[in-house]
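Letter by letter, the sequence shown follows residues 1 to 231 in the UniProt record's numbering. See structure below.
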Amino acid sequence: MASSLLRTSTSALRAATRSAKPVGAAGLAGTSFVRGKATLPDLSYDYGALEPHISGKIMELHHKNHHQTYVNGLNAAVEQIQEAQAKGDMAKAASFAPLLNFHGGGHINHSLFWENLAPSGKGGGGGPEGELAKEIDETFGGFEPLRKKMNAALAGIQGSGWAWLVQDGEKGGLSVITKANQDPVTGSLKPLLGIDAWEHAYYLQYQNRKAEYFDAVWNVVNWETVGKRMS
Ligand SMILES: [Fe+2]
1 MASSLLRTST SALRAATRSA KPVGAAGLAG TSFVRGKATL PDLSYDYGAL EPHISGKIME
61 LHHKNHHQTY VNGLNAAVEQ IQEAQAKGDM AKAASFAPLL NFHGGGHINH SLFWENLAPS
121 GKGGGGGPEG ELAKEIDETF GGFEPLRKKM NAALAGIQGS GWAWLVQDGE KGGLSVITKA
181 NQDPVTGSLK PLLGIDAWEH AYYLQYQNRK AEYFDAVWNV VNWETVGKRM S
């Protein structure tokens, strides 16, 4: 299992590091890597710009501290794997696979999350449009049923994790899935919209009322970005 995790995560990393610019929408959009090292991406809006739906303090801690920790952990894991590989110790290299999955997933997921948010009324909120709206209508019966389905999925996460609206890149079609911890969306599934259900994403503002956060976050969803991720 560990070695398959290693393969999955290292191939994603290779894909990301091949390009000097952020890689396209296949799960790594906006993920920043400079000379093979992961870096914290800048936000296109101020920390306070998503208020009152997500507080500026949460955004600052979430981006500057939590995301930075995933960036640091990813770089440390990659370094340790490379050192072990250089010594031909593949068992040791594989032992870092869970760390690579956790921190690499954390970096990828948060990079996608910042981009699929925007200040309310300035790209955030409203609903899906165009081809995305059509697909959502066909699959879920409309935006409101999708919102309810994702909120139910978010509420059902035990512990920490994410809910994602995904598109199947091979068979086509949309679905809602959840991922535990920082497991990234992989395989043929392409992440379109991710909502962070970790306590660090809401607790400072909403405490135990996480359903209120799940309702509020829709006011700051950047549907243009979500639509562009769909192929
Ligand atoms: Fe988070």
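Built from N, CA and C at the ideal position, the CB exists for glycine as well. Computed from a prediction, not measured in an experiment: that's the story for all the values here.
| query | result |
| --- | --- |
| Simplified DSSP state of G194, which is helix, strand or coil | strand |
| L189, DSSP secondary structure in three states | strand |
| Candidates G227, D137, V220: closest to S120 by CA position | V220 |
| Reduced DSSP category for W218 - H, G, I as helix; E, B as strand; rest coil | helix |
| Buried/exposed call for S188, threshold 16 Cβ in 10 Å | exposed |
| Counterpart residues of D46 in DSSP-defined beta bridges | D46 pairs with nothing; no bridge assigned. |
| D183 Cβ short of 7 Å to ligand 1 heavy atom set | no |
| Cβ-heavy atom distance, W223 to ligand 2, below 7 Å | This structure lacks ligand 2; the ligands present are ligand 1. |
| Under the three-state DSSP convention, the category L174 falls into | strand |
| Integer Cβ distance of L100 from V78, believed to fall under 8 Å | 7 Å |
| Cβ-heavy atom distance, H110 to ligand 1, below 7 Å | yes |
| Residues near G125 in its chain [Cβ-Cβ closer than 6 Å; skip 5 each side] | N219 |
| Burial state of E115 (16 or more Cβ within 10 Å) | buried |
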